[in-house]
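Chains as they are written, first to last, in our numbering: chain P, 52 to 317; chain U, 321 to 584. Positions of the beta carbon are idealized from the N, C-alpha and C atoms, including for glycine. A quick note: this is a predicted structure, and the numbers were derived from the prediction, not measured.
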């Protein structure tokens, strides 16, 4: 019998498994900060983190982080610099993995964090790109985390802030000159969606324990393809949970309501 | 502070602030703009953690040119939403950027060229809504953004305007170089021999600096490396209070630096 955990703790554990040893990770905000810390402490001891504020680190910060610019993230950094220097590394293809928060995502992995409705007179004005568009276009692969709701996983986003695979046609990213490889996974509160190797449309890869394929399909705004080998998401291990709770001791990100994932999340 | 804002940030100014992203945000200077009821400002920044939201809510802002406006640990900017969605307290124009592209827009102004090419924003709808961005020959051309004034909070500065900051610098250097004028606010006012002992650390040329304001705590609630941490509780309470027009108005009247009553 595994230990009880929150949906956010599971998302952090799943996100941490996306980080390979040796990766340069464009970390972003919120849950990915914890995912980076978990990975560093387990299977990716030589990963490095890059933060758009202008920081590179190896060891996760020793203290709680409310933002990537908090003093514990600066103490012990490998490099404190200007943002354009961090962006330079990503523009050269040196960032192996980026994390982006999304308010809305569509079947081709395009993210909207700008406007719901007409940009000239929006129904909802979301905060904007932050570094999200930069990560989506320039990192080698990226992952987004979000609350799984039908209004968030939509057939087509009303505004593409951070492009995934565009209109889903083969070679869309190459055609438009996007350098990086595009989205690899959407980690939600219910499941993990993945994309084919060559890009295109998201499919259901695994369902979190306690949830069902039918429930995921009902909460998804398009006719979701389910992988033949759809699996149950592996729950967080004891050591993953211990690491999460060490870096989020008061449960600010993982145990006090849903603070979704990413600086540009809404 | 009052004199610096009165003299160098008149109504209608384009103002870069919060250029180090979450740290070193010049809240005291922004709140002085609110107290003096500045109007028709254009705010320029990368992400803005609460300060732009406050100026927008107080009716000071005509246009935002930025990558992100909200509350980093709590989410949405409620005043930003009301201004964009309902024209409250007034209509707001938004020129969207990404963090990379706003940096390039300022470097373009710093180098006095009309635009700089980049591969970021290819495939993003941001290029369709921001008139200063255009796509051609496989790149996005980012038009120069030249602030009238950049307001930069730092750990220490001397009276001649040589500013030392440490920690991540965000887009502070290009904002200072691009701006016609720089207002420095600082935790510590130090002797010239301190700043000149480490000239590599000086953020921008003293020829740009028109005012140095000694304002300890002037970045609160944002963090200042070596001085104080981010006041997370402030951001949480502000997110709650600013959820309604009335709540935001109450926040303005009780905020120790703003203390103005907003006509609702």
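The continuous beta strand (DSSP E) containing residue 77 (chain P) extends over residues 75-77. Under a 10 Å Cβ-count criterion, residue 301 (chain P) is classified as exposed, with fewer than 16 other Cβ atoms of the shown protein chains found around its own Cβ.
Contact check between the region 108-127 of chain P and the region 140-157 of chain P: fewer than three CB pairs, one atom from each, fall below 8 angstroms, which does not count as touching. Annotation: the continuous alpha helix (DSSP H) that includes residue 136 (chain P) extends over 134-142.
For the region 382-421 of chain U, the continuous beta strand (DSSP E) assignments of 3+ residues that do not extend past its boundaries occur at 413-416, in sequence order. For residue 558 (chain U), the closest Cβ of chain P is not nearer than 8 angstroms.
Partner residues in the beta bridge of residue 368 (chain U), as assigned by DSSP, are U:389. Judged by their CB atoms, residue 108 (chain P) and residue 100 (chain P) are nearer to each other than the 8 angstroms cut-off. Between the alpha carbons of residue 324 (chain U) and residue 303 (chain P) lies a distance of about 39 angstroms.
Under the DSSP assignment, residue 62 (chain P) falls in the alpha helix (DSSP H) whose first and last residues are 58-68. The C-beta separation of residue 134 (chain P) from residue 491 (chain U) comes to about 5 angstroms, placing the pair in contact by the 8 angstroms criterion. For residue 155 (chain P), the pairing in a beta bridge is given by DSSP as P:163. Contact with chain U is found for residue 212 (chain P), since one of that chain's Cβ atoms lies less than 8 angstroms from the residue's Cβ. Listed by position along chain P, the residues whose Cβ is nearer than 7 angstroms to that of residue 389 (chain U) are 178, 179.
Going by DSSP, residue 245 (chain P) is part of the beta strand (DSSP E) stretching over 242-245. Counting the other CB atoms within 10 Å of its CB gives residue 163 (chain P) a total of 16 or more, which places it among the buried residues. In the DSSP annotation of this structure, residue 273 (chain P) is not part of any beta strand (DSSP E), being labelled neither H nor E. Using a Cβ-Cβ cut-off of 8 angstroms, residue 202 (chain P) does not count as an interface residue toward chain U, since no Cβ of chain U sits closer than that to its own.
Between residue 526 (chain U) and residue 476 (chain U), the CB-CB gap reaches or exceeds 8 angstroms.
Rounded to whole angstroms, residue 578 (chain U) and residue 529 (chain U) show a C-alpha spacing of 25 angstroms. Contact annotation: residue 254 (chain P) and residue 244 (chain P) have beta-carbon atoms nearer than 8 angstroms. Listed in chain order, the non-local C-beta contacts of residue 173 (chain P) below 8 angstroms within the same chain comprise 166, 167, local neighbours out to five positions each way being set aside. Nearest CB-CB separation between residue 401 (chain U) and chain P: below the 8 angstroms threshold.
Shortest Cα-Cα distance from residue 102 (chain P) to any of P:266, P:289, P:181, P:238 involves P:181. Burial check for residue 454 (chain U): the Cβ neighbour count within 10 Å stays below 16, so the residue is exposed. The beta carbon of residue 153 (chain P) does not come within 8 angstroms of any beta carbon belonging to chain U, so the residue lies off that interface. Flagged as an interface residue toward chain U: residue 227 (chain P), by a C-beta distance shorter than 8 angstroms.
If you draw a 10 Å sphere on the C-beta of residue 60 (chain P), you find 16 or more other C-beta atoms in it, and that means buried.
Taking the beta carbon of residue 175 (chain P) as reference, the chain U residues within 8 angstroms of it are 401, 405, listed in sequence order. Against chain U, the CB of residue 133 (chain P) has a partner CB under 8 angstroms away; the residue lies at that interface.
Residues of the region 335-354 of chain U with a C-beta less than 8 angstroms from any C-beta of chain P: 340, 341, 342, 343, listed in chain order.
Among the residues facing chain P, residue 385 (chain U) is not included, as its CB has no counterpart in that chain under 8 angstroms away. Counting along the chain, residue 437 (chain U) sits inside no alpha helix (DSSP H); it lies in the beta strand (DSSP E) bounded by residues 435-438. Residue 374 (chain U) and residue 344 (chain U) have their C-alpha atoms spaced approximately 16 angstroms apart. The DSSP-derived three-state label of residue 515 (chain U) is helix.
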